[in-house]
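Colleague: First, the structure itself, so that you have it in front of you.
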Amino acid sequence: MWVKRSRRYNQKRYPEIQEVSPKQYQYLQMRARHGRIVQSMRFLLLAGFLGLWEVAADLGWIDSFIFSSPGRILQTFWKMVRDGSIFLHVRVTLVETIISFLLVVLFGILCAVLLWCNDQLSEILEPYLVVLNSLPKSALAPLLIVWLGANSRTIIVAGMSVAIFGTILNLYTGFREVSVEKIRLIYTLGGKRRHVLTKVILPSTVPATISIMKVNIGLCLVGVVIGEFIGARCGLGYLIIYSSQVFKLNILLMSMVLLCIIAMGLYALISAVERWYLKKI
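The sequence shown begins at 0 in this note's numbering and counts up by one.
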């Protein structure tokens, strides 16, 4: 009876198991059980770490002034929520990250298409793109501040500089690896180069593009924070630098936690777009 009820519940939750054999059903059950175990262990690991951290700070095993504690971080966050200051810093960092990410995707695709359309241009520019991609981006931030000034535009450019060159190279490599047979078929049917681009190249590289986007969202966040370290008056990067200078480590660790949450949220959003696209095709 319990097995039948469990099966009916899982058939509602997982429609794909309504017409499967008993062996397939057992396999899907095993996968679901494995997923629950993994999620539970992740939660227990995080809870254990936070609990040990709190106890160690309360009992004096670690210096709470230097290492803070989850309770102190939460109190600091709630204090900044009540005065409204934290919302400004989170909003500034989030908006700058999203803008830089969207610009990286747009310019990355346009530049990759341009390189694909002109083989000679790609041969000329590819070594320079490799060199620019290998440069330490933190070294570019001071120059950008000098060239563009200390403003949001500079921080957005700093966020773009971390990811743009790698995006162009990866997308261009993906364009070149598309099946030659598909391209030859378009030409055989009388298509032009633009038809190859719109009917074969771009659709075939959508999964790779989404994978690159999942990496770029974190890189753009890193670039924005680097820019805020140097030339910002608000944002989570500014909070980290300010709190480290005045030894308010509760604020510093709270800002780092918020950056982790933002990174996970943006990554989850792109992953949801990827799952939607995979179901659609």
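Every residue, glycine too, gets a C-beta built ideally from N, C-alpha and C. Since we're looking at a predicted model, the values are computed, not measured.
Contact between the stretch 133-141 and the stretch 175-192 is defined here as three or more beta-carbon pairs at a separation below 8 angstroms; is this criterion met?
Modeller: Output reads no: the stretch 175-192 does not touch the stretch 133-141.
Colleague: Quick one: Cα of Val-41 to Cα of Gly-47, how far?
Modeller: For the sequence presented, residue 41 should be read as Arg rather than Val. When rounded, the distance between both Cα atoms is 10 angstroms.
Colleague: To which residues of the same chain is Val-2 closer than 6 angstroms at the C-beta, ignoring the five residues directly before and after it?
Modeller: With a pLDDT of only 42 at Val-2, under the threshold of 50, the placement of this residue in the model should not be trusted, and no figure is reported.
Colleague: Look at Glu-227 and Ile-154 and say whether their C-beta atoms are less than 8 angstroms apart.
Modeller: Yes, the Cβ-Cβ distance between Glu-227 and Ile-154 is below 8 angstroms.
Colleague: What residue range does the alpha helix (DSSP H) around Ala-157 cover?
Modeller: Here the alpha helix (DSSP H) through Ala-157 covers 151-175.
Colleague: Let me know if Trp-275 comes out buried or exposed under the rule of 16 or more other beta-carbons within 10 Å of its beta-carbon.
Modeller: Classification of Trp-275: exposed, given that the 10 Å Cβ count is below 16.
Colleague: Which stretch, first to last residue, makes up the alpha helix (DSSP H) that contains Ala-111?
Modeller: Counting along the chain, the alpha helix (DSSP H) containing Ala-111 begins and ends at 84-116.
Colleague: Is the beta carbon of Tyr-171 sitting closer than 8 angstroms to the one on Ala-267?
Modeller: It is not a contact, given that the beta carbons lie outside the stated cut-off.
Colleague: Any idea what DSSP makes of Tyr-8, helix, strand or coil?
Modeller: Reliability of the predicted coordinates at Tyr-8 is poor, the pLDDT of 47 falling under 50, and no value is obtained from them.
Colleague: Closer than 6 angstroms by C-beta to Glu-15: which residues in its own chain qualify, once you throw out the five before and the five after it? Chain order, please.
Modeller: Its pLDDT being 47, under 50, Glu-15 is placed unreliably in this model, and the value from its coordinates should be taken loosely. Excluding residues within five positions, none has a Cβ falling inside 6 angstroms.
Colleague: Taking Ala-162 and Val-103 to be in contact with their CB atoms under 8 angstroms, please state how far apart those CB atoms are, rounded to whole angstroms.
Modeller: So it is a contact: roughly 5 angstroms between Cβ atoms.
Colleague: According to the Cβ coordinates, are Leu-114 and Leu-120 closer than 8 angstroms?
Modeller: Closer than 8 angstroms, so yes.
Colleague: Tell me, to the nearest whole angstrom, how far the beta carbon of Leu-248 is from that of Ser-67; I am working on the premise that it is less than 8 angstroms.
Modeller: Confirmed, about 5 angstroms.
Colleague: Is the beta carbon of Ile-72 closer than 8 angstroms to that of Leu-220?
Modeller: Not a contact, by the Cβ cut-off of 8 angstroms.
Colleague: In whole angstroms, what separates the C-alpha of Glu-125 from that of Ser-20?
Modeller: So the alpha carbons of these two residues sit roughly 53 angstroms apart.
Colleague: Are there three or more Cβ pairs, one per stretch, closer than 8 angstroms when the stretch 84-104 is compared with the stretch 176-187?
Modeller: No: fewer than three Cβ pairs fall under 8 angstroms.
Colleague: Return the CA-CA distance between Ala-231 and Thr-92, expressed in angstroms with no decimal places.
Modeller: Going from the Cα of Ala-231 to the Cα of Thr-92 covers about 10 angstroms.
Colleague: Are the Cβ atoms of Leu-265 and Ile-216 separated by less than 8 angstroms?
Modeller: Contact flag set, yes.
Colleague: Could you give the distance in angstroms between the alpha-carbon of Val-89 and the alpha-carbon of Arg-193?
Modeller: Roughly 42 angstroms separates the two Cα atoms.
Colleague: Where Val-195 and Ile-185 are concerned, what is the direct C-alpha to C-alpha distance, given to the nearest angstrom?
Modeller: One C-alpha to the other measures close to 6 angstroms.
Colleague: Please report the distance separating the alpha-carbon of Ile-108 from that of Leu-87.
Modeller: Straight-line Cα distance between these residues: approximately 32 angstroms.
Colleague: Do Leu-128 and Phe-164 count as a contact pair if the criterion is CB distance below 8 angstroms?
Modeller: Taking 8 angstroms as the Cβ cut-off, Phe-164 and Leu-128 qualify as a contacting pair.
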